[in-house]
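In full-length UniProt numbering, the protein residues as written are 1 to 212.
These notes concern the structure reproduced below.
See below:
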């Protein structure tokens, strides 16, 4: 059985939602962040970066959320979570997944941990504010993409990129202008939150509605 190491609402949420969408039997293993279990030697044997999540699938031990999501899509091709190999749609799938993980998520890390970017703690607030402004522009871009197509990020078909976007949009919920405060993106998030697999994933992680 697949095992997913998680902490509620962390970067495990995207692959967790995919596991629920796929209906794949899996075991959730809680990583106690409050007691810094993810920094301990035992967990670092699974992920030397000390980050969540880790997925174990047979002999495979895999970390990096985007890689886990692609692995789940590739090992369950019948679900159609990625477009056909070599297609333009597949290329756009790669584009959006890379944008979400390398651009949006990376900026989220700056927003949540600004102290990592400065030596002077007093400058942290300014770093955080600039990160929030850049994230607002990124969510504006995604909102425009959804407004011109939809109902999902790649168009008509739900795909591997949608749980990833939903997870990142949720992380913005405490910002001055969260992702949900955009017309097309807000409607998209409502559709995602209503999916039974999403509801099950949030319930399993002990996260109550509203999800975003």
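Quick reminder that beta carbons are idealized off the backbone N, C-alpha and C, glycines included.
> I think residue 214 touches residue 38, with their Cβ atoms under 8 angstroms apart; what is that distance to the nearest whole Å?
Replying inline: Within the shown structure, residues of the chain are numbered from 1 to 212, placing residue 214 beyond reach of any answer.
>> Buried or exposed for residue 118, going by 16 or more other Cβ atoms inside 10 Å?
In response: Along the chain shown, one-based indexing puts residue 118 at 118. Counting of Cβ neighbours within 10 angstroms places residue 118 among the exposed residues, the total staying below 16.
> At what residue ranges does the UniProt domain "GST N-terminal" (1-80) contain a whole run of the alpha helix (DSSP H), taking only runs of 4 or more?
Replying inline: Uninterrupted alpha helix (DSSP H) stretches at least 4 residues long and entirely within the UniProt domain "GST N-terminal" (1-80) occur at 13-22, 41-44, 65-74, given in chain order.
> Shortest alpha-carbon distance to residue 101 belongs to which of 147, 11, 204, 203?
Replying inline: Position 101 of the chain shown, counted from the first residue, corresponds to residue 101. Residue 11 is the option with its Cα nearest to residue 101.
> Which residues mark the beginning and the end of the alpha helix (DSSP H) in which residue 124 is found?
Replying inline: Residue 124 sits at position 124 when you count from the first residue of the chain shown. Residue 124 -> alpha helix (DSSP H) spans 124-147.
> Taking the C-alpha atoms as reference points, what is the distance between residue 57 and residue 124?
Replying inline: The residue labelled residue 57 in the question sits at position 57 within the chain shown. The residue labelled residue 124 in the question sits at position 124 within the chain shown. Distance between the alpha carbons of residue 57 and residue 124: 39 angstroms.
> For residue 179, which residues of its own chain have a beta-carbon under 6 angstroms away from its beta-carbon, when the five flanking residues on both sides are left out?
Replying inline: To locate residue 179, count along the chain shown from 1; it is residue 179. Contacts found: 139, 169, 172, 185.
> Around the Cβ of residue 176, are there at least 16 other Cβ atoms within 10 angstroms (buried) or fewer (exposed)?
Replying inline: On the chain shown, residue 176 is found 176 positions in, with the first residue counted as 1. A residue is called buried when at least 16 other Cβ atoms come within 10 angstroms of its Cβ; residue 176 does not meet this threshold and is exposed.
>> Between which residues of its own chain and residue 66 is the CB-CB distance below 6 angstroms, once the five residues before and five after are set aside?
In response: Start at 1 with the first residue of the chain shown, and residue 66 comes out as number 66. Around residue 66, the same chain offers 97, 101 as residues with beta carbons nearer than 6 angstroms, after the five sequence neighbours per side are excluded.
> Cα-Cα, which of 74, 81, 83, 132 is closest to residue 105?
Replying inline: Translated into positions along the chain shown, residue 105 becomes position 105. Ranking the options by Cα distance to residue 105, first place goes to 132.
>> Using only CA atoms, which one of 49, 60, 36, 93 lies nearest to residue 156?
In response: On the chain shown, position 156 is the one that residue 156 refers to. The shortest C-alpha separation from residue 156 is found at 93.
>> Can you look up residue 152 in the DSSP assignment and give me helix, strand or coil?
In response: Along the chain shown, read from residue 1 onward, the residue named residue 152 stands at position 152. Three-state result, residue 152: strand.
> Which class does residue 119 belong to by DSSP, given the choice of helix, strand or coil?
Replying inline: Start at 1 with the first residue of the chain shown, and residue 119 comes out as number 119. Coil, per DSSP.
> What did DSSP end up calling residue 176 once you bin it into helix, strand or coil?
Replying inline: The residue you call residue 176 lines up with position 176 of the chain shown. In this structure, residue 176 counts as coil in the three-state DSSP scheme.
> Just to confirm, are residue 163 and residue 62 a CB contact at a threshold of 7 angstroms?
Replying inline: Indexing the chain shown from 1 puts residue 163 at position 163. Indexing the chain shown from 1 puts residue 62 at position 62. In this structure, residue 163 lies away from residue 62, with their beta-carbon atoms at least 7 angstroms apart.
>> Relative to the C-alpha of residue 22, which candidate in 208, 158, 49, 194 has its C-alpha closest?
In response: Here residue 22 refers to the residue found at position 22 of the chain shown. Of the candidates 208, 158, 49, 194, the one whose C-alpha sits nearest the C-alpha of residue 22 is 158.
> To the nearest angstrom, how far is it from the Cα of residue 55 to the Cα of residue 122?
Replying inline: Position 55 of the chain shown holds residue 55. Position 122 of the chain shown holds residue 122. About 38 angstroms.
> Straight-line CA distance for residue 212 to residue 151?
Replying inline: Walking along the chain shown from the start, residue 212 turns up at place 212. Walking along the chain shown from the start, residue 151 turns up at place 151. Taking the straight line from one Cα to the other gives about 18 angstroms.
> Does the distance from the C-beta atom of residue 82 to that of residue 160 stay below 7 angstroms?
Replying inline: In the chain shown, counting from the first residue as 1, residue 82 sits at position 82. In the chain shown, counting from the first residue as 1, residue 160 sits at position 160. Yes; because the gap between Cβ atoms is below 7 angstroms, this pair is in contact.
> Run through DSSP, which three-state label would residue 113 get?
Replying inline: For the purposes of this step, residue 113 is taken as residue 113 along the chain shown, with counting starting at 1. Residue 113 sits in coil when the DSSP states are folded into three classes, being neither helix nor strand.
> How big is the Cα-Cα spacing for residue 13 and residue 167?
Replying inline: Working through the chain shown from its first residue, we reach residue 13 at position 13. Working through the chain shown from its first residue, we reach residue 167 at position 167. Approximately 6 angstroms between the Cα atoms of the pair.
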